[in-house]
Amino acid sequence: MNRSQRTVHILEEERRRFARDLHDGPVQVLSNTSMRLNMLSQLIQVDPALAEAEIRRMHHRLVQATSELRQLIYDLQPIAVDAMGLDEALKGLTHRVQRDWAVPVTVHVSGDVRVLPADAEMMLYRAVQEALTNAAKHAEARAIAIELMATEDQVTCIVTDDGKGFDPTHRPPGHYGLGNMVERLEVVGGRADVASSPGHGTRITFTVPYV
Amino acid sequence: MVRTLIVDDTQETRTVLSQITTLAGGVVVGDVATGMEALVWLANHPVDLVITDFQMPGMPGDVLAAQIRAQWPDVRIAMISVLADADIDAKAKAAGVHWLLSKPVTVDQIERVIRGSTGHGSRLSGAAPR
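These protein sequence lines are chains A and B, in that order. Counting from 1 along the first sequence, just add 77 to a position and that's the residue number in the working numbering. Counting from 1 along the second sequence, just add 22 to a position and that's the residue number in the working numbering.
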């Protein structure tokens with residue numbers, strides 16, 4: 078695939094991920110809540126205590142669905158990484174992850190990282206965003222660390238989490254995030270190296286050359 | 023009594039569907055998370071009605087339905103899907119699904135499914151495949 082085809086492919090995979098996230102998250106919660114409401118009038122007659130418990134559950138789940146929708150809106154919003162600077166954009170991202178997923182994220186920056194072309198900065202930012210979402214949401218990490226550094230000829234960003242880890246050689250059907258991260262980096266001449274194993278967290282190293 | 027097996031990969035949905043089925047007059051005899059578990063359940067328990075999700079990891083609902091129809095043709099199948107487009111409709115028909123329902127479902131809908139399942143189903147404990 079040439080660069081243009083790969084970009085289209087990345088966009089399509091991203092749409093697929095959003096569709097999956099909507100289906101598995103807020104849509105499930107809302108349809109289950111609708112079913113709970115539908116049976117509530119009968120449930121009140123036969124088991125008032127259970128009906129009350131259901132109302133509490135519905136409230137709790139609607140709050141969760143709102144949080145998941147908010148996260149998706151953030152993910153969809155365009156962001157001017159070049160205007161903010163990659164380091165500041167990533168700090169903003171980590172702030173949201175900490176607030177929405179209650180996972181502490183540390184960021185360490187070394188060197189002048191504001192040297193990449195705008196498209197490379199954006200690809201790196203979106204790849205890190207994907208890595209953070211995976212760590213917080215799917216890997217159930219309790220802590221995440223980001224190390225962003227500029228060396229002579231490239232910018233490196235290492236995202237490490239202490240989540241449940243996975244086998245990088247086995248991608249379950251319907252899970253495209255990992256492949257999408259790798260592709261994003263390849264489009265701008267970079268790479269993404271994933272080190273992980275079940276029960277031992279994940280470490281993803283993104284590298285992007287200056288040219 | 024319509025003995026009902028619920029198949030859905032989400033625990034919360036299994037719980038809600040079990041409650042709705044009970045309110046609608048059915049008897050939930052089991053709930054499982056995958057198509058493979060459903061086939062094992064059917065091989066070991068008598069069931070009249072299977073209510074299954076369409077979109078499940080591993081074995082989708084229509085593949086499960088086709089296998090049930092081949093092995094236990096008397097068992098009635100209701101498949102539920104958040105998306106209900108022409109493609110899913112065609113897959114449901116090809117698999118021999120008796121009812122294709124859009125999620126969210128209501129107690130009234132499940133009542134109709136249960137009424138339509140009365141007098142069908144596998145009769146023997148450990149229902150041997152045909």
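Quick reminder that beta carbons are idealized off the backbone N, C-alpha and C, glycines included.
Could you round the C-beta distance between V135 of chain B and A100 of chain B to whole angstroms and report it? I think they count as a contact, below 8 Å. Taking the first residue of the second sequence as 1, we reach residue 135 of chain B at position 113. Taking the first residue of the second sequence as 1, we reach residue 100 of chain B at position 78. Right, the Cβ-Cβ distance comes to about 5 Å (below 8 Å), so this counts as a contact.
Would you kindly work out how many angstroms separate the C-alpha atoms of E89 of chain A and Q82 of chain A, rounded to a whole number? The residue labelled residue 89 of chain A in the question sits at position 12 within the first sequence. The residue labelled residue 82 of chain A in the question sits at position 5 within the first sequence. E89 of chain A and Q82 of chain A: Cα-Cα distance of roughly 11 Å.
Determine the contact status of R25 of chain B and V69 of chain B, defining contact as a CB-CB distance below 9 Å. To locate residue 25 of chain B, count along the second sequence from 1; it is residue 3. To locate residue 69 of chain B, count along the second sequence from 1; it is residue 47. Yes; because the gap between Cβ atoms is below 9 Å, this pair is in contact.
For a cutoff of 9 Å on Cβ pairs, would you count L45 of chain B as touching chain A? If you number the second sequence from 1, residue 45 of chain B lands on position 23. Output row for L45 of chain B: interface = yes.
So what does DSSP say about L127 of chain A, is it helix, strand or coil? As a working note, residue 127 of chain A is residue 50 in the first sequence. In the structure shown, L127 of chain A sits in a helix (DSSP, three-state: H, G or I).
Using 9 Å as the limit for Cβ to Cβ distance, is N109 of chain A near chain B? Taking the first sequence and counting its residues from 1, one reaches residue 109 of chain A at position 32. Yes - at least one Cβ of chain B is within 9 Å of the one on N109 of chain A.
What is the DSSP secondary structure of H247 of chain A, reduced to helix, strand or coil? Position 170 of the first sequence, counted from the first residue, corresponds to residue 247 of chain A. H247 of chain A falls in the coil class under three-state DSSP.
Tell me where the beta strand (DSSP E) around L71 of chain B begins and ends. One-based indexing of the second sequence puts residue 71 of chain B at position 49. Counting along the chain, the beta strand (DSSP E) containing L71 of chain B begins and ends at 71-75.
Interfacial residues, the segment 197-230 of chain A to chain B, with Cβ spacing under 7 Å: none
Beta-carbon neighbours of T35 of chain B, restricted to chain A and to distances below 7 Å: For the purposes of this step, residue 35 of chain B is identified with residue 13 of the second sequence, where counting begins at 1. Under the 7 Å cutoff, chain A gives Q105, N109.
Check the Cβ of M78 of chain A against every Cβ in chain B and list those closer than 9 Å, keeping chain order. One-based indexing of the first sequence puts residue 78 of chain A at position 1. Residues of chain B whose Cβ lies closer than 9 Å to the Cβ of M78 of chain A do not exist, since the nearest Cβ in that chain is about 27 Å away.
Alpha carbon to alpha carbon, what distance is there between D96 of chain B and W121 of chain B? For the purposes of this step, residue 121 of chain B is taken as residue 99 along the second sequence, with counting starting at 1. For the purposes of this step, residue 96 of chain B is taken as residue 74 along the second sequence, with counting starting at 1. For W121 of chain B and D96 of chain B, the distance between alpha carbons rounds to 14 Å.
Is D189 of chain A helix, strand or coil by DSSP? The residue labelled residue 189 of chain A in the question sits at position 112 within the first sequence. Coil, per DSSP.
Is V186 of chain A near the ligand COA, in the sense that its beta carbon is under 8 Å from a heavy atom of that ligand? The ligand COA is absent from the structure shown, which contains no ligands of any kind.
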